[in-house]
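Undergrad: The numbers in numbering that gives the first Met the number 0 rise by one with no breaks, and the one at position 273 of the sequence shown is 272. No residue lacks a Cβ here, since even glycine has one placed at the ideal position from N, Cα and C.
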Amino acid sequence: MDFKDTPAEAEFRAKARAFLDEHAERLAPGESAAGFMERDDPDLIKKSQAWQALKKDNGWACLTWPKEYGGQGLSSLESVVWNQEEGKYRTPPNVFSIGLGMMGPTIMAHGTDEQKERFLARMARGDDIWCQLFSEPAAGSDLAGLRTSAVRDGDDWVINGQKIWTTGATYCKWGMVITRSDPNAAKHDGLTYLIVDMESPGIEIRPIKQINGASGFNEVFFSDVRTPDSLRVGAVGDGWRGATTTLMNERASIGGGGGGLRAEDLLGLAKKVGRLDDSSVRQRIADFYVRASGLKYTGYRTQTAISRGSIPGPEASIGKLVGAPMMQELASFGIDLQGSAGVLIDRDFGCQDSYLGSPGMRIAGGTDEIMRDIIARRVLRLPTEPRVDKGVPFNQIPSGPPTP
Ligand SMILES: Cc1cc2nc3c(=O)[nH]c(=O)nc-3n(C[C@H](O)[C@H](O)[C@H](O)COP(=O)(O)OP(=O)(O)OC[C@H]3O[C@@H](n4cnc5c(N)ncnc54)[C@H](O)[C@@H]3O)c2cc1C
Numbered sequence: 000m001d002f003k004d005t006p007a008e009a010e011f012r013a014k015a016r017a018f019l020d021e022h023a024e025r026l027a028p029g030e031s032a033a034g035f036m037e038r039d040d041p042d043l044i045k046k047s048q049a050w051q052a053l054k055k056d057n058g059w060a061c062l063t064w065p066k067e068y069g070g071q072g073l074s075s076l077e078s079v080v081w082n083q084e085e086g087k088y089r090t091p092p093n094v095f096s097i098g099l100g101m102m103g104p105t106i107m108a109h110g111t112d113e114q115k116e117r118f119l120a121r122m123a124r125g126d127d128i129w130c131q132l133f134s135e136p137a138a139g140s141d142l143a144g145l146r147t148s149a150v151r152d153g154d155d156w157v158i159n160g161q162k163i164w165t166t167g168a169t170y171c172k173w174g175m176v177i178t179r180s181d182p183n184a185a186k187h188d189g190l191t192y193l194i195v196d197m198e199s200p201g202i203e204i205r206p207i208k209q210i211n212g213a214s215g216f217n218e219v220f221f222s223d224v225r226t227p228d229s230l231r232v233g234a235v236g237d238g239w240r241g242a243t244t245t246l247m248n249e250r251a252s253i254g255g256g257g258g259g260l261r262a263e264d265l266l267g268l269a270k271k272v273g274r275l276d277d278s279s280v281r282q283r284i285a286d287f288y289v290r291a292s293g294l295k296y297t298g299y300r301t302q303t304a305i306s307r308g309s310i311p312g313p314e315a316s317i318g319k320l321v322g323a324p325m326m327q328e329l330a331s332f333g334i335d336l337q338g339s340a341g342v343l344i345d346r347d348f349g350c351q352d353s354y355l356g357s358p359g360m361r362i363a364g365g366t367d368e369i370m371r372d373i374i375a376r377r378v379l380r381l382p383t384e385p386r387v388d389k390g391v392p393f394n395q396i397p398s399g400p401p402t403p
């Protein structure tokens, strides 16, 4: 494959640059896009929404989404070109990745026409921000072990239970929640996927304080929360199918290596701290660069799959398994480069912020161990782990006493 821009791509890149030059500040050479996030800024979400709306109104949002759903109907290559260019500018944090990267594609694949009409265009413009209500205190890697219940009552579902690690729940308008609608069915069969208004009565959101001082994710408690059956995504009891679509898209977006410190940022940092003369430093940066390039081209395979209309395959798991630990190593090396100053927060490159946040990337959307398991089964075709719960009604699977 020739990675040089074709004339059409070069023209597209020039147009993207012209838009970005007009509306955003270009980062200086060597300046990192990761930087330090002013997370105490009360207007941060509004700024992100304004940037998304500006992009949407000018044809630069959701490039690969079909036009009928508020996208631009462009190819994944054009999306890659746009992302490369946008990454060179200082822009507000992207709080839409869960909606645009995971919830939107799930609604496109499994939602009703009415849901697509009602939600996708607003999601694309950033008018509504979405969260993913999957994980529970006793259901993370083993997501199908979830216990949050949904009981049909007239035209509504009534939801009770607890979710955890819900990114952005405090500022999201809509959430997509996996519930157990039939405890008599086998573990993966009794699940139903619902959309819920996060302002509904009965929802309580408790932020969780993280190691880097932020509260990016939350506990969410449901007490008799009602959501109409018209907001069900897919068939009753078939929620696992939708959950799988969401998770494959999540792995693809994390594996894509977006966000955080980049190998080229280390060059700028090494120059700044006067360590670029050291051949071992240069060698290490080159090593990161090579690995990042492999990751980038593997990411293109995923993008190609998406642009051909298929759900990302196991290569998305490879990308995440390599990309997330590399993010951690990059940040760790960035801190080392700064010597004793590495214990302080640097606002230019954001190494410390990246370092403290990067273990989460190894956990979110499937831990390293789970990624290895998927690769073992689906790529290497190794035998699966023994499953004692297969086919057993969920309410007959032995478990510990319910938490009080
Ligand atoms: C930054 C971040 C954001 C997140 N955002 C969201 C969100 O928006 N919405 C949401 O629903 N969830 C979210 N999560 C939760 C995330 O999906 C879970 O943390 C993840 O699936 C792991 O589940 P767990 O935390 O329950 O760990 P567990 O599943 O309890 O795992 C604990 C340890 O056991 C290992 N382990 C578990 N099972 C196996 C196995 N079969 N074989 C080998 N090892 C195993 C794991 O690898 C891990 O090391 C987020 C997490 C993070 C870190």
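Please tell me whether, using a cut-off of 7 Å, the distance from the CB of Gly243 to the nearest non-hydrogen atom of ligand 1 is below it.
TA: Taking the first residue of the sequence shown as 1, we reach residue 243 at position 244. Strictly speaking, residue 243 in this sequence is Thr, with Gly absent from that position. No, the Cβ of Thr243 stays beyond 7 Å of every heavy atom of ligand 1.
Undergrad: By Cβ distance, which residues of its chain are closer than 7 Å to Gly72, with the 5 residues on each side in sequence left out?
TA: Along the sequence shown, one-based indexing puts residue 72 at 73. For Gly72, where only same-chain residues beyond five positions count, the Cβ hits under 7 Å are Pro65, Lys66.
Undergrad: Counting only beta-carbon separations shorter than 8 Å, does Thr165 have a partner in chain B?
TA: Absent from the structure is chain B; it holds one protein chain and no more.
Undergrad: If we count the other Cβ atoms within 10 Å of its Cβ and call it buried at 16 or more, is Glu21 buried or exposed?
TA: Taking the first residue of the sequence shown as position 1, residue 21 is located at position 22. Exposed is the call here.
Undergrad: Just how far apart, CA to CA, sit Asn394 and Met102?
TA: Numbered from 1 along the sequence shown, position 395 holds the residue referred to as residue 394. Numbered from 1 along the sequence shown, position 103 holds the residue referred to as residue 102. Their backbone Cα atoms lie some 29 Å apart in a straight line.
Undergrad: On the DSSP bridge list, what partners appear for Lys186?
TA: Numbered from its first residue, the sequence shown carries residue 186 at position 187. Paired residues: none, contrary to the question.
Undergrad: Would a C-beta distance cut-off of 8 Å place Thr244 and Ala108 closer than the cut-off?
TA: Translated into the one-based positions of the sequence shown, residue 244 becomes position 245. Translated into the one-based positions of the sequence shown, residue 108 becomes position 109. A contact, by the Cβ cut-off of 8 Å.
Undergrad: So, is Ser47 buried or exposed, given that buried needs 16 or more other C-beta atoms within 10 angstroms?
TA: Position 48 of the sequence shown, counted from the start, is the residue given in the question as residue 47. Its Cβ being crowded by 16 or more others within 10 Å, Ser47 is buried.
Undergrad: Could you check whether the Cβ of Phe118 sits closer than 7 Å to any heavy atom belonging to ligand 1?
TA: Locating residue 118 in the sequence shown gives position 119, counting from the first residue. Incorrect: Phe118 has no Cβ contact closer than 7 Å to ligand 1.
Undergrad: Round the Cβ separation of Phe216 and Thr166 to the nearest angstrom and send it over; I've been treating them as touching at under 8 Å.
TA: By 1-based counting over the sequence shown, the position of residue 216 is 217. By 1-based counting over the sequence shown, the position of residue 166 is 167. About 5 Å separates the two Cβ atoms, so the contact holds.
Undergrad: Any heavy atom of ligand 1 closer than 7 Å to the beta-carbon of Leu132?
TA: On the sequence shown, position 133 is the one that residue 132 refers to. Correct: Leu132 has its Cβ closer than 7 Å to ligand 1.
Undergrad: Which partner residues does Arg179 have in the DSSP bridge list?
TA: On the sequence shown, residue 179 is found 180 positions in, with the first residue counted as 1. Looking at the DSSP assignment, Arg179 forms a beta bridge with Ser148, Leu190.
Undergrad: Taking DSSP as the reference, what is the three-state secondary structure of Glu166?
TA: What you label residue 166 is simply residue 167 of the sequence shown in a count that begins at 1. The amino acid occupying residue 166 in the given sequence is Thr; Glu does not appear at that position. DSSP places Thr166 in strand when its eight states are reduced to three.
Undergrad: Are there 16 or more other CB atoms within 10 angstroms of the CB of Gly100, so buried, or fewer, so exposed?
TA: Taking the first residue of the sequence shown as 1, we reach residue 100 at position 101. Buried is the call here.
Undergrad: Among residues of its own chain, excluding the 5 on either side of Arg250, which ones have a beta-carbon nearer than 8 Å to its beta-carbon?
TA: The count along the sequence shown starts at 1 and reaches residue 250 at position 251. Same-chain partners within the cutoff: Pro311, Ala315, Ser316, Gly318, Lys319, Gly364, Gly365, Met370.
Undergrad: Rounded to whole angstroms, how far is the Cβ of Gly98 from the Cβ of Ala52, which I believe are closer than 8 Å?
TA: Looking up residue 98 in the sequence shown gives position 99. Looking up residue 52 in the sequence shown gives position 53. Wrong, their Cβ atoms sit about 14 Å apart, outside the cutoff.
Undergrad: Please specify which runs of the alpha helix (DSSP H), each continuous and at least 4 residues long, are wholly inside the region 257-286, giving them in chain order.
TA: Runs found: 262-271.
Undergrad: Taking DSSP as the reference, what is the three-state secondary structure of Asn159?
TA: Within the sequence shown, residue 159 is the residue found at index 160, counting from 1. Looking at Asn159 - three-state DSSP - the assignment turns out to be strand.
Undergrad: Identify the residues that DSSP records as bridge partners of Pro206: which are they?
TA: Numbered from 1 along the sequence shown, position 207 holds the residue referred to as residue 206. Pro206 pairs with Asn217.
Undergrad: Just to check, is the beta-carbon of Ala218 closer than 7 Å to a non-hydrogen atom of ligand 1?
TA: Looking up residue 218 in the sequence shown gives position 219. For clarity, residue 218 is Glu in the given sequence; the question names Ala instead. The answer is no for Glu218.
Undergrad: Give the DSSP-derived three-state secondary structure of Ser222 in the structure shown.
TA: Locating residue 222 in the sequence shown gives position 223, counting from the first residue. Strand.
Undergrad: Given 8 Å as the limit, is there contact between the region 197-210 and the region 167-180, that is, 3 or more CB pairs closer than that?
TA: With a cut-off of 8 Å, the region 167-180 and the region 197-210 count as touching, because enough Cβ pairs lie within range.
Undergrad: In terms of alpha-carbon separation, which member of Gly69, Ala15, Glu218 lies closest to Leu132?
TA: Walking along the sequence shown from the start, residue 132 turns up at place 133. Nearest C-alpha to Leu132: Glu218.
Undergrad: Buried or exposed for Ser134, going by 16 or more other Cβ atoms inside 10 Å?
TA: Along the sequence shown, one-based indexing puts residue 134 at 135. Ser134 is buried by the Cβ-count criterion.
Undergrad: Exposed or buried, Thr383, counting other C-beta atoms within 10 Å across all chains shown (16 or more means buried)?
TA: Residue 383 sits at position 384 when you count from the first residue of the sequence shown. So Thr383 ends up on the exposed side.
Undergrad: Flag Gly399 as yes when its Cβ comes closer than 7 Å to any non-hydrogen atom of ligand 1, and as no otherwise.
TA: By 1-based counting over the sequence shown, the position of residue 399 is 400. Not so, every heavy atom of ligand 1 lies at least 7 Å from the Cβ.
Undergrad: Per the DSSP calculation, Arg89 is bridged to which residue(s)?
TA: Along the sequence shown, one-based indexing puts residue 89 at 90. In DSSP, Arg89 forms a bridge with Glu24.
Undergrad: Got a sec, what are the start and stop residues for the beta strand (DSSP E) Leu379 sits in?
TA: Position 380 of the sequence shown, counted from the start, is the residue given in the question as residue 379. That residue, Leu379, is in no beta strand (DSSP E); it is neither H nor E in DSSP.
Undergrad: Taking buried to mean at least 16 other C-beta atoms within 10 Å of its own C-beta, is Thr5 buried or exposed?
TA: The residue you call residue 5 lines up with position 6 of the sequence shown. When all chains shown are included, Thr5 counts as exposed.
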